[in-house]
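Number of protein chains: 2
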Amino acid sequence: MLARRERLLGPNTPIFYDNPVHLMRGEGVWVFDADGKRYLDCYNNVPHVGHCHPQVVEAIARQTATLNVHSRYLHENVLDYAEQLTATFDAALSCVVMTCTGSEANDVALRMAATATGNRGVIVTDHNYHGNTTAVMQLATLLPHDLGQPAHMRTFPTPDSYHLQPSEQTLEDMAQRVLAGLDESIESLRQSGHGLAALLVCPIFANEGFPDLPDGFFEQIKKRVRAAGGVIIADEVQSGFGRCGSAMWGHQYANFEPDIVTLGKPMGNGYPVAGVVCREDIMHSFRHNTAYFNTFGANPVACAAASATLRVVQEENLLDNAMQSGQYMQQKLELLSERFPVLGDVRGAGLFLGSEIVESRESRAPDAAHGRALINAMRDEGVLMGLIGRFDNLLKIRPPMPFNREHADQLFETLESVLARM
Amino acid sequence: MLARRERLLGPNTPIFYDNPVHLMRGEGVWVFDADGKRYLDCYNNVPHVGHCHPQVVEAIARQTATLNVHSRYLHENVLDYAEQLTATFDAALSCVVMTCTGSEANDVALRMAATATGNRGVIVTDHNYHGNTTAVMQLATLLPHDLGQPAHMRTFPTPDSYHLQPSEQTLEDMAQRVLAGLDESIESLRQSGHGLAALLVCPIFANEGFPDLPDGFFEQIKKRVRAAGGVIIADEVQSGFGRCGSAMWGHQYANFEPDIVTLGKPMGNGYPVAGVVCREDIMHSFRHNTAYFNTFGANPVACAAASATLRVVQEENLLDNAMQSGQYMQQKLELLSERFPVLGDVRGAGLFLGSEIVESRESRAPDAAHGRALINAMRDEGVLMGLIGRFDNLLKIRPPMPFNREHADQLFETLESVLARM
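Chains as they are written, first to last, in the numbering used here: chain A, 502 to 923; chain B, 502 to 923.
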């Protein structure tokens with residue numbers, strides 16, 4: 502099967518685990534392979550309300566059987582969904598463009614920012630990935646590409662609460678270094694003539710390793726971006742739809758208001774739907790300067806899928822569950838980390854948490870090889886998880902949102918037994 | 502509803518007809534509005550095998566209820582579909598990347614071309630639109646945008662068989678002028694240092710107005726592109742999956758072999774799925790230089806939808822139908838054009854045909870206003886069609902593929918009565 506895959510799809514297509522999993526079926530927080538073996542899914546955020554949630558399946562099946570066309574005819578689904586969606590944002594974020602992927606959403610958002618500000622420059626972290634279109638991928642520093650670093654791009658240092666610099670004592674010290682780096686990049690863009698169009702950032706720095714941040718961190722970022730004439734694009738592809746537990750959106754959890762928000766992965770529980778939410782003035786300048794049309798974006802099935810997903814998040818109180826399960830899991834993970842010094846720390850929020858795999862608690866030296874061995878061993882024991890972060894050594898626990906205490910108990914029992922014998 | 506739309510989606514979102522259609526349901530070649538009024542769909546190519554085709558609906562519903570995850574696990578659907586798909590191409594076009602939209606497909610194809618050739622330059626027609634990502638949209642000359650013309654882009658003259666230049670007598674004369682324009686652009690890219698990476702072109706020049714072409718036209722283009730070290734990307738988003746009747750792919754109909762082929766709209770009968778098919782050497786250089794991953798691309802539901810769509814195309818002999826219905830419709834349209842001189846000509850292939858709306862047969866002067874009045878009147882009479890081409894005056898008849906003689910009779914009876922009273 503791997504040979505067939507390489508012949509048809511080419512070499513180097515990304516795949517998980519030394520012994521890849523051949524999946525056949527999913528249900529809630531569970532997936533099943535070709536031999537019927539069951540895995541506890543602690544990784545996937547796309548099946549946000551659970552694999553094959555019956556209400557989302559039903560909504561997709563019903564609308565697919567009824568009508569599926571582009572949005573140059575009138576249809577109520579897109580309007581109903583846009584209202585339901587924007588109702589979860591602060592009042593100023595009132596307009597929506599639907600796309601098919603988070604990559605397309607970030608691509609559009611960058612264009613909106615340039616049009617709205619009259620500037621070209623974009624600032625991202627120095628360990629970022631926001632999508633695969635050329636305009637977005639060329640900003641990526643986390644994955645290899647041959648696009649070069651564009652002249653209008655600058656970076657700022659990734660906040661890293663676990664690896665403070667020698668001169669730093671507190672998170673506030675770390676924040677000041679990050680902000681100084683941001684100031685430098687803003688100044689460099691000014692001097693280059695590009696100016697600042699946008700800071701594009703995930704409100705929880707998900708790919709960067711979801712560091713702890715001092716209070717008011719993003720307000721300080723926002724002040725600088727605004728002063729330079731730019732806007733903030735919050736990439737909520739990972740942090741959105743209640744993932745952090747205490748709020749529907751990562752920027753609400755991080756306590757700041759962005760100008761543009763991009764959405765993706767969890768939005769339709771697997772159906773390819775994504776979008777951009779922004780202020781009215783930004784939407785107007787975009788729509789008056791660019792004839793944007795997306796054939797599959799805003800189609801009635803995409804909207805039905807997204808609407809059903811949002812309804813389940815709300816009706817099943819999945820934010821509460823993320824909050825409570827997340828807190829329970831943090832406690833369990835902390836207990837484990839006291840026994841196994843390979844677990845360097847515990848961090849995260851809601852149902853997005855993890856621990857750095859390190860050589861020792863004292864050195865805090867990342868041990869990515871140990872991390873890889875760990876997630877491969879967990880896979881063999883029927884638990885799916887991943888690694889992320891600056892050093893590829895951060896255990897990523899980011900399960901479907903209905904993940905509960907019972908599931909957590911199974912995860913940590915397995916993790917304990919694997920750690921005990923490694 | 503329009504006010505609600507503008508408030509939520511912003512101004513200037515594209516919409517069809519002076520009196521927009523509020524659609525509720527689709528079935529085969531028919532769609533139904535909120536009042537239950539039935540429309541004959543002579544426009545939509547996304548519901549390729551017919552609106553809500555039961556076999557595609559069933560495939561999507563079944564797979565959505567079974568499993569829908571990203572492609573970093575193993576799943577057979579993507580491999581099965583890649584085999585079914587590449588079997589319809591010449592042997593050299595053997596590798597596939599799945600994306601969600603035709604825009605993403607063209608975005609990837611341009612990157613592949615740059616990596617494979619070591620050049621940057623791209624040539625498109627002077628009346629082109631190939632998609633909405635920044636990298637693709639900035640090449641567009643057909644729709645307004647504020648991205649500017651990139652330094653690595655050149656155009657060549659759109660072939661226009663109906664509006665020959667004063668010096669031209671034959672299609673071959675027209676072709677020589679187009680090829681001279683291409684030579685100029687290739688030379689200009691060479692001098693600029695960009696060199697030629699790709700000529701990106703629709704094999705039937707769909708957006709340009711599907712002109713008649715002399716035999717061997719694309720072979721002459723290909724010779725020049727190859728000599729300059731570039732590759733040809735055939736954008737089959739509109740021309741593919743049997744649309745031209747006599748062949749599965751537009752490039753087969755146009756009798757040349759491209760290096761890269763991009764697919765979109767009709768691929769999953771409305772499910773957001775698209776892709777790139779290319780030679781093995783091109784896929785290898787791409788995959789070794791760029792870490793491309795698309796979360797929703799190649800998901801099991803997308804592949805199930807695409808596989809079911811391809812199966813219906815083959816099992817229901819929709820190429821034959823496109824061929825026969827298309828020929829029948831050309832005859833009917835020619836008979837009409839003899840009676841109504843506002844119909845300037847008849848052209849197209851398979852189920853993609855049309856006629857230029859002109860002020861007079863002698864002047865051939867485009868009459869876009871008359872064209873708009875015509876399609877609006879047709880809409881009121883229950884027939885949906887569009888306009889396209891260099892002067893926005895070309896009737897576009899591009900129905901779902903099961904469109905048959907009976908449907909054609911209704912279309913032309915309505916067209917006759919509308920023309921008679923205009």
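Backbone N, C-alpha and C fix where the C-beta goes; we use that ideal spot for every residue, glycine too.
Since we're looking at a predicted model, the values are computed, not measured.
Alpha carbons only, please: which of the options is nearest the one belonging to residue i?
i	options	result
Arg865(A)	Phe797(A), Leu568(A), Leu665(A)	Leu665(A)
Asp674(B)	Leu714(B), His549(B), Met613(B)	Leu714(B)
Met525(A)	Tyr518(A), Lys538(A), Asn513(A), Phe517(A)	Lys538(A)
Leu912(A)	Leu819(A), Leu875(A), Tyr793(A), Gly776(A)	Leu875(A)
Asp536(A)	Pro548(A), Asp542(A), His523(A), Gln753(A)	His523(A)
Pro512(A)	Leu503(A), Cys703(A), Asn520(A), Tyr518(A)	Leu503(A)
Tyr772(A)	Phe757(A), Cys779(A), Arg744(A), Ala805(A)	Ala805(A)
Arg655(B)	Arg612(B), Leu594(B), Leu701(B), Tyr663(B)	Leu701(B)
Arg862(A)	Tyr663(A), Ala641(A), Leu690(A)	Tyr663(A)
Trp531(A)	Asn520(A), Phe517(A), His549(A)	His549(A)
Gln721(B)	Asp542(B), Met613(B), Ala676(B)	Ala676(B)
Tyr518(A)	Pro521(B), Ser572(B), Arg506(B)	Ser572(B)
Asn756(A)	His695(A), Cys703(A), His789(A), Val679(A)	Cys703(A)
Ile705(B)	Gly730(B), Val843(B), Ala748(B), Gln828(B)	Ala748(B)
Val814(B)	Pro901(B), Thr642(B), Ala681(B), Gly827(B)	Pro901(B)
Distance check for residue j and residue i, CA to CA, integer angstroms please.
i	j	result
Pro767(A)	Val738(A)	7 angstroms
Val859(B)	Thr659(B)	19 angstroms
Arg840(B)	Gly717(B)	34 angstroms
Glu914(B)	Glu709(B)	28 angstroms
Asp893(A)	Ser856(A)	11 angstroms
Gly632(A)	Thr602(A)	9 angstroms
Asp534(B)	Ala809(B)	27 angstroms
Lys724(A)	Pro651(A)	25 angstroms
Ala869(B)	Ala850(B)	22 angstroms
Met879(B)	Gly551(B)	21 angstroms
Ile783(A)	Leu509(B)	13 angstroms
Arg727(A)	Met638(A)	25 angstroms
Glu816(A)	Leu834(A)	29 angstroms
Met824(A)	Ala823(B)	56 angstroms
Thr567(B)	Met886(B)	38 angstroms
Glu882(A)	Ser693(B)	58 angstroms
Ile761(B)	Ile733(B)	6 angstroms
Leu819(B)	Val802(A)	25 angstroms
Asn770(A)	Val558(A)	9 angstroms
Pro903(A)	His908(B)	49 angstroms
Below 9 angstroms on C-beta distance, what does residue i contact in chain A?
i	result
Gly872(B)	Residues of chain A passing the Cβ test: none, with the nearest at roughly 17 angstroms.
Gly527(B)	Thr567, Leu568, Asn569, Val570
Phe794(B)	Thr514, Pro515, Asn633, Leu644
Ala735(B)	Near Ala735(B) there are no residues of chain A at all, since even the closest Cβ is about 19 angstroms away, more than 9 angstroms.
Residues of chain A with a CB under 8 angstroms from the CB of residue i: which are they?
i	result
Lys833(B)	The premise fails here: Lys833(B) is roughly 26 angstroms from chain A at the closest Cβ pair, so nothing lies under 8 angstroms.
Ile561(B)	Ile561, Ala562, Thr565
Met502(B)	Leu575, Glu577, Leu580
Just to make sure I have the definition right: I need the residues of chain B whose C-beta is within less than 9 angstroms of the C-beta of residue i. Which are they?
i	result
Cys553(A)	Thr565, Ala566, Thr567, Leu568, Asn569
Arg788(A)	Leu510, Gly511, Pro512, Asn513, Thr514
Arg612(A)	Thr635, Met638, His646, Asp647, Leu648
Glu605(A)	Cys601, Thr602, Ser604, Glu605, Asn633, Thr634
In chain B, which residues lie less than 8 angstroms from residue i when you measure between Cβ atoms?
i	result
Asn800(A)	Gly771, Pro773
Pro989(A)	Past the boundaries of the shown model lies residue 989(A); chain A is included only from 502 to 923, so the question cannot be answered.
Find the residues of chain A that neighbour residue i, judging by a C-beta separation of less than 7 angstroms, and give them in chain order.
i	result
Ala592(B)	The premise fails here: Ala592(B) is roughly 13 angstroms from chain A at the closest Cβ pair, so nothing lies under 7 angstroms.
Thr616(B)	Asp647
Val597(B)	Leu509, Leu510
Which bits of chain B does residue i rub up against, with CB to CB less than 7 angstroms?
i	result
Val522(A)	Tyr574, Leu575
Arg505(A)	Leu580
Could you pull out every unbroken beta strand (DSSP E) segment of at least 3 residues lying fully inside the region 724-755 of chain A, listed in chain order?
732-736
Contact set between the region 624-644 of chain B and chain A, restricted to residues whose Cβ is under 8 angstroms from the partner
Asn633, Thr634, Thr635, Ala636, Met638, Leu644
Which of the residues in the region 761-786 of chain B, read from start to end, lie with their CB under 7 angstroms from any CB of chain A?
Lys766, Gly771, Pro773, Met784, His785
The region 804-832 of chain B: positions lying closer than 7 angstroms to chain A by Cβ
none
Would you list, in sequence order, the uninterrupted beta strand (DSSP E) runs of no fewer than 3 residues that lie entirely inside the region 569-623 of chain B?
594-600
Considering only residues of the region 759-784 of chain A, which uninterrupted beta strand (DSSP E) runs meet the minimum length of 3 residues and lie entirely inside it, listed in chain order?
As far as the region 759-784 of chain A is concerned, its whole beta strand (DSSP E) runs of at least 3 residues are 761-764, 775-780.
Give the list of continuous beta strand (DSSP E) stretches no shorter than 3 residues that lie fully inside the region 690-729 of chain A.
697-702
Fully enclosed by the region 852-891 of chain B, which beta strand (DSSP E) runs are 3 residues long or longer?
Complete beta strand (DSSP E) runs here, min 3: 853-855, 887-889.
Quick one: which residues of the region 665-694 of chain A get their C-beta closer than 8 angstroms to a C-beta of chain B? List them in chain order.
From the region 665-694 of chain A, no residue has a Cβ closer than 8 angstroms to chain B.
May I ask you to list, following chain order, the residues of the region 884-895 of chain A that have a beta carbon less than 7 angstroms from some beta carbon of chain B?
none
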